[in-house]
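Input: a single structure, listed below in structure tokens.
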Amino acid sequence: MSETRLNVSLDRDLAEFAKMFAAENRTSVADMVTQYLLSLKRRVDGQQMEVILSHPAFQEAMKDAQSKLQTGMAKWHSYDEVFGE
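Set out below in structure tokens:
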């Protein structure tokens with residue numbers, strides 16, 4: 097998978113929480129964001145970005161990803177597994 101860098105500005109407390117949460121779950125913040133976005137993409141594939149934030153699947157994807165990370169049950173997927181080539 098070809099990766100690209102994406103800079104995101106977060107509140108300092110939120111950034112620290114993300115780092116701590118990632119460390120406690122033996123993963124990285126980048127992996128957490130990637131898995132969340134891949135989960136979200138699978139739920140709303142084909143829909144326009146302007147409706148994504150208001151879409152109920154957005155909330156469900158967030159809850160699913162968070163739960164899997166907290167319980168250690170996250171199943172990691174490669175880019176090719178998700179998007180195929």
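Read in our numbering, the sequence shown has 175 at position 79, and its numbers run on one by one without any break.
Even glycine gets a Cβ: it sits at the ideal position worked out from N, Cα and C.
- Following the DSSP letters along the chain, one finds residue 99 in no alpha helix (DSSP H), marked with neither H nor E.
- The residue from 129, 156, 124 with its alpha-carbon nearest to that of residue 139 is 156.
- Only residues of its own chain outside the window of five on either side were considered, and among them 170 have a CB closer than 6 Å to the CB of residue 164, listed in chain order.
- For residue 130, the enclosing alpha helix (DSSP H) stretches over residues 125-140.
- For the pair residue 178 and residue 134, the Cα-to-Cα distance works out to about 7 Å.
- Comparing alpha-carbon positions, the option among 151, 127, 154 lying closest to residue 99 turns out to be 127.
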